[in-house]
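Below is one structure, written out as structure tokens; comments come after it.
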Amino acid sequence: MDASKNFDAIVVGAGFGGMYMLHRLRSMGLTVRVYERGGGVGGTWYWNRYPGARCDLESMEYSYSFDDRLQQEWNWSEKYGTQPELLRYANHVADRFDLRRDIVFGTKVVSAHRDPTTNLWTLTTDTGGVAIARQLILATGNLSTPQLPKIAGVAEFSGRTFHTGRWPQEGANFSGRQVGIIGTGSSAVQTIPHVAEQALNLTVFQRTANFSIPAHHGPLDATMREAHKKKYNEIREAAYQTPFGIAKYGSPTLSAFDVSDEDRQKTYEDAWKTGGQALLFCYTDLLTNKKSNETAAEFVRQRIRDTVKNPHVAELLCPKDHPIGTKRLCLDSFYFETYNRDNVRLVDVKETPITRIEPNAVVVGDNVFEIDDLILATGFDAMTGAAKDIDIQNGNGESLTDHWAQGPQTYLGLMVAGFPNMYIITGPQSPGVKSQMILSIEHHVDLIACLIQKLHDENFNSVVPEALAQDNWVSHNTEVANSTLYPAAASWYMGANIPGKPRIFMPYVGGVRQYRATCQEIIENGWRGFEFA
Ligand SMILES: Cc1cc2nc3c(=O)[nH]c(=O)nc-3n(C[C@H](O)[C@H](O)[C@H](O)COP(=O)(O)OP(=O)(O)OC[C@H]3O[C@@H](n4cnc5c(N)ncnc54)[C@H](O)[C@@H]3O)c2cc1C
1 MDASKNFDAI VVGAGFGGMY MLHRLRSMGL TVRVYERGGG VGGTWYWNRY
51 PGARCDLESM EYSYSFDDRL QQEWNWSEKY GTQPELLRYA NHVADRFDLR
101 RDIVFGTKVV SAHRDPTTNL WTLTTDTGGV AIARQLILAT GNLSTPQLPK
151 IAGVAEFSGR TFHTGRWPQE GANFSGRQVG IIGTGSSAVQ TIPHVAEQAL
201 NLTVFQRTAN FSIPAHHGPL DATMREAHKK KYNEIREAAY QTPFGIAKYG
251 SPTLSAFDVS DEDRQKTYED AWKTGGQALL FCYTDLLTNK KSNETAAEFV
301 RQRIRDTVKN PHVAELLCPK DHPIGTKRLC LDSFYFETYN RDNVRLVDVK
351 ETPITRIEPN AVVVGDNVFE IDDLILATGF DAMTGAAKDI DIQNGNGESL
401 TDHWAQGPQT YLGLMVAGFP NMYIITGPQS PGVKSQMILS IEHHVDLIAC
451 LIQKLHDENF NSVVPEALAQ DNWVSHNTEV ANSTLYPAAA SWYMGANIPG
501 KPRIFMPYVG GVRQYRATCQ EIIENGWRGF EFA
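Start counting the sequence shown at 1; every next residue gets the next number (my numbering).
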């Protein structure tokens, strides 16, 4: 066999997940090949270059912890890292750990077929490459497959079209242009204020109003940064003990109705001034009790009404169809204020959806909105899109797409029954997208590395979850989700943004602390639920 095609492990994707996986496996002495569709490292931060793109967790937390020298030497300049800074950070990590020599860029993995007799995976790529490995790690990302709206005429639009998740590297100038944007989720909330400042006019087509909280961005104070660094290990460990893996937001102790109306209002006002996700962490039951949730939701709606001068527009911007926090809570910088500008108009496409797109216009019912440029902030085929985009066959007559026909099924979000030696970093039914993701990525990478080390140490050929263990985990996941308000929203967590996608609540919302304890207990019980052969 051609040695250049044979590896101990193949990793698909070179975002934060794939990069750390490569480093971890290489330091175990394994030969590794990484395939990355993009032209560089960074995943999310390579692709999402739209104006205003930032993380919405503070960078001192949203960063790697696996190497102390790395976290000590890197200096974040702002509270919430901008896309360019996050991409610089990813490139710094790639340089520092010499990652690029094992990554093949500009190459999409199109198939992964397992041979059940040899237990080897053979991968093919869109450039005609073939590679073979015993271990296959999908670091393909939860938000990496952009969703294009199925609107009549969208392909015939004659102006420039942009998707926020595939923004051109050279950027885009909207000066003097009439711009339309479809979507008002997290990416749109970040993009809209920037485009509004540049464009001749901006028309926002909104199907669902979303809750957004001021981020209160700003430069990161050097003294605070250094103080944080001194306690880095403590803070990282504290994060693991919280529900969402964010040390800044510990677990609240009181229910929203344990306090008086005045005290609650004051607590929300303080959280609003702090900005970020603080509001969701005010009370224990904001995500489990509808009435408690409504107190926070109404507080935010009132802030929207206070900010937006036109009462009709303000009312359209007030979310009323889902509890706050059950869709990804947006963070913004002057999002609602932007609707006070003369060059911005909001078009409600909930009641009357977009009828069609013409070469130079978006048509809604009888109204024709002329535009030069169209921005699609229409999100992603979240959590399953990238994995299902690869033809994965387990060699026993089953594909991953078949296995997941009724919705994704995994054991711990880490592996899939029937698919030996195939691992997913922060897959469905793990806390991944409901946590500080780099923390969850590191946890998963470490678990995968431990499993692979065990195979090597104990001369096993393969590991796969037991079907029953997987069934139980999936049921537990659903039970936990059903004990919360999350399923009440038609969110991408539910697959609701993709027509025809099964409606199943995909992330594990039992919390990072509980998930980590469960994994630990499973390991201590000889990796209960995993079958080694
Ligand atoms: C706009 C935006 C803002 C975000 N903000 C935050 C935040 O504030 N906090 C937070 O915790 N998380 C945030 N996230 C989530 C973010 O995706 C994760 O934090 C993290 O970057 C995920 O890393 P990853 O390596 O798992 O996936 P990704 O970064 O998505 O990387 C996956 C990579 O796999 C590649 N790939 C996929 N399929 C193939 C294939 N078949 N062949 C080859 N390559 C393939 C993709 O090109 C991509 O580069 C945000 C996401 C978005 C989109």
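All C-beta atoms, glycine included, are put in the ideal place defined by N, C-alpha and C. Because the structure is a prediction, the values reported are computed rather than measured.
Less than 6 Å between C-beta atoms, sequence neighbours within five positions excluded: which residues of the same chain meet that for residue i?
i: F460; result: F532
i: D126; result: K108, V110
i: N343; result: N201
i: F16; result: I438, I441
i: D373; result: G159, R160, R177, V179
i: L451; result: V463
i: H163; result: P146, L376
Taking DSSP's pairing of strands, which residues face residue i in a bridge?
i: I213; result: L331
i: R114; result: W121
i: D391; result: S111
i: A133; result: F7, W121
i: P219; result: E78
i: E358; result: A361
i: D102; result: Note: D102 sits in no beta bridge, so no partner.
i: I424; result: L138
i: D270; result: Beta-bridge pairing links D270 to no other residue.
i: P51; result: Bridge partners of P51: none, in fact.
i: P146; result: F380
For residue i, which of helix, strand or coil comes out of DSSP?
i: I324; result: coil
i: F530; result: strand
i: A199; result: strand
i: L346; result: strand
i: R303; result: helix
i: F534; result: The structure shown does not extend to residue 534, since the chain spans only 1 to 533, so no value can be given for it.
i: N6; result: strand
i: Q409; result: coil
i: M1; result: Bear in mind that a pLDDT of 43 at M1, under 50, signals an unreliable position, so the number given afterwards is only what the model happens to contain. In this structure, M1 counts as coil in the three-state DSSP scheme.
i: V12; result: strand
i: N525; result: coil
i: C519; result: helix
i: P465; result: strand
i: H498; result: In the sequence on display, residue 498 carries Ile and not His. Residue state, collapsed to three classes: coil.
i: S175; result: strand
i: F419; result: coil
i: I151; result: coil
i: V189; result: helix
i: Q206; result: strand
i: K126; result: Note on residue identity: the sequence assigns Asp, not Lys, to residue 126. Coil, per DSSP.
Where do the N-terminal and C-terminal ends of the beta strand (DSSP E) with residue i fall, by residue?
i: G180; result: 178–182
i: T107; result: Note, T107: premise wrong, no beta strand (DSSP E); not H, not E.
i: F16; result: Unbroken run through F16 is the alpha helix (DSSP H), 16–27; no beta strand (DSSP E).
i: T161; result: 160–163
i: I504; result: Here I504 belongs to no beta strand (DSSP E), and DSSP marks it neither H nor E.
i: V509; result: First-last for V509: undefined, no H or E at that position.
i: V368; result: 367–370
i: D373; result: 373–376
Considering residue i, what are the terminal residues of the alpha helix (DSSP H) in which it resides?
i: V445; result: 437–457
i: R37; result: Premise fails: R37 is in no alpha helix (DSSP H) and is neither H nor E.
i: N91; result: 83–96
i: R235; result: The residue you asked about is not Arg; residue 235 is Ile in the sequence shown. Taken as a continuous stretch (DSSP letters only), the alpha helix (DSSP H) holding I235 covers 232–240.
i: E315; result: 311–317
i: E398; result: No alpha helix (DSSP H) contains E398, which DSSP labels as neither H nor E.
i: D68; result: 68–73
Could you name the residues of the same chain whose beta carbon sits closer than 8 Å to that of residue i, not counting the 5 residues immediately before and after it, in chain order?
i: M1; result: Low confidence applies here, because M1 scores a pLDDT of 43, under 50, leaving its location unreliable; read the following figure in that light. Cβ within range, chain order: I132.
i: R305; result: P311, A314, E315, C318
i: E370; result: Q178, N360, A361
i: E156; result: I357, E358, P359
i: L148; result: V154, H163, L376, T378
Spatial neighbours of residue i within its chain, please: C-beta separation below 7 Å, excluding the five flanking residues on both sides.
i: S435; result: F244, G245, V512
i: V474; result: Q409, Q429
i: R516; result: Y240, H443
i: L220; result: W76, S77, E78, K79
Any heavy atom of ligand 3 closer than 7 Å to the beta-carbon of residue i?
i: S111; result: Summarising the ligand content, the structure contains ligand 1 and does not contain ligand 3.
Is there at least one Cβ from chain D nearer than 8 Å to residue i's Cβ?
i: N525; result: Among the chains in the structure shown there is no chain D, since it carries only a single protein chain.
**Prompt:** Looking at C-beta atoms only, is the number of pairs between the segment 338–348 and the segment 281–288 that lie closer than 8 Å three or more?
**Reply:** As far as the Cβ criterion goes, the segment 338–348 does not touch the segment 281–288, which means the pair count is below three.
**Prompt:** Using 8 Å as the threshold, is the segment 144–152 in touch with the segment 112–129, meaning 3 or more CB pairs across them?
**Reply:** Contact between the segment 144–152 and the segment 112–129 is absent, because fewer than three Cβ pairs lie under 8 Å.
**Request:** Could you tell me whether the segment 372–381 touches the segment 90–100, using the rule of 3 or more Cβ pairs below 8 Å?
**Result:** With the cut-off at 8 Å, the segment 372–381 and the segment 90–100 do not touch.
**Given 8 Å, three or more beta-carbon pairs between the segment 38–51 and the segment 413–421** = The segment 38–51, when compared against the segment 413–421, does not touch it at the 8 Å Cβ threshold.
**Prompt:** Taking three-plus beta-carbon pairs below 8 Å as touching, is the segment 408–416 in contact with the segment 196–213?
**Reply:** No contact exists between the segment 408–416 and the segment 196–213.
**Request:** Determine contact between the segment 489–499 and the segment 325–332, defined as no fewer than three beta-carbon pairs at a distance below 8 Å.
**Result:** Cβ pair count under 8 Å is three or more, so yes.
**Message:** Within 8 Å, do at least three Cβ pairs link the segment 496–510 to the segment 474–484?
**Reply:** Three or more beta-carbon pairs separated by less than 8 Å link the segment 474–484 to the segment 496–510, which places the two stretches in contact.
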